[in-house]
Amino acid sequence: MPELPEVETFRKYIDRTSLDQKIVSIECADQRLLKKDIETFEEALVGESFTATQRIGKYLFMKTTGDHILVMHFGMTGKPEYYHDPETRPKYAHIVYHFASGYHFGFLNRRKFGWNDLTTSIVDYQKTVGLSIDARDLPLEDFLTALSKRKTYIKAVIMDQSVTAGIGNWMADEILYQSKIHPERKTNQLSEGELKTIYDNMKAVIELAIEKEAVYRFFPKNYFIHIRKEGAICHHTGAEIQKLTVGGRSTYYSPKWQN
DNA sequence: CACACTGTTCGCTC
DNA sequence: CGAGCGAACAGTGT
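Per the numbering used here, the first sequence starts with residue -5, numbered consecutively.
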């Protein structure tokens, strides 16, 4: 669920709601969601305020008035929710930052694959976790260089966060459908023209999805997302969409359309 | 109800 | 050392 466009939408939501309010306390029901002790989080953040956000791929960084930067990853089922009345505390708000304003920032995580961490340098953190430049900003040159070294399936490569940070399962399927490329094509056997097509479609899908705030029903009718299920009918060929596993993930594609 | 589903990380092989 | 691959992780919706 939360891929680049979703996280970008979260980022804007946080900018609108959760900056410049003093953090008075932090609550976390499940330590496993914190990459450092709760005490470390408290020392770093209580008394400070969030000042700005930055997103790289699916990672969201929240700068503060202090030395530390909060790092958030939403996993597969996470989202932020800002709320006031404690009675309306959202379900699955496993981590909550309480503000002096009486409002609260909830980190919701239904399946607990997401987490929060702390860092003092976004650049160092990016290096440590092996994230590429955000896919939205990635120059064509970098894209071609990264792909030229890879021999495995193209879908697995464009989902690799060290190549195209932010691209996940649905985006990879969407990009390859629009590019008419089969997900199991070997990366090193693609022509430069095909790679350029994939790159252009990647950029287009990212911008469209951000513009629509990642709400799929607002995506153009001919987008793959609407038919991304087994047996659905391809917009172009009328053939049935098929399913396979690539890079360990469920993959949907249109047989004759994608070669 | 058994299974699918998300993204990252870990452990293993080559 | 690093690419590639598959399993593991958590928990809920179907």
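Even glycine gets a Cβ: it sits at the ideal position worked out from N, Cα and C.
Around H78, the same chain offers Y97 as residues with beta carbons nearer than 6 Å, after the five sequence neighbours per side are excluded.
Here F212 is exposed, its C-beta having fewer than 16 other C-beta atoms within 10 Å.
For F35, the enclosing alpha helix (DSSP H) has its first and last residue at I32 to L39.
Taking each of Q120, K30 and F107 in turn and checking the Cα distance to Y53, the smallest one comes out for Q120. Counting along the chain, no alpha helix (DSSP H) covers F44; the unbroken beta strand (DSSP E) around it starts and ends at F44 to I50. If one requires a minimum length of 4 residues, the alpha helix (DSSP H) runs lying completely within the segment 77 to 156 are 116 to 123, 134 to 142 and 148 to 152, in chain order.
Taking all protein chains shown into account, D131 has fewer than 16 neighbouring C-beta atoms within 10 Å of its C-beta and is therefore exposed.
Using a Cβ distance threshold of 9 Å, I17 and L(-2) do not count as a contacting pair. Considering only P214, E186, I192 and I161, the residue with the shortest C-alpha distance to H176 is I192. Exclusion of the five residues before and after F137 leaves Y193 as the residues of its chain whose Cβ lies within less than 6 Å of its Cβ.
Following the DSSP letters along the chain, one finds S173 inside the alpha helix (DSSP H) bounded by residues N163 to S173.
Of the candidates S126, T139 and K29, the residue whose Cα lies closest to the Cα of T113 is K29. Here Q252 is not bridged, per DSSP, to any residue. Nearest C-alpha to V123 among A159, P249 and K250: A159. Here K57 has T45, A46 and I63 as same chain residues with Cβ atoms under 6 Å from its own Cβ, once five neighbours each way along the sequence are excluded.
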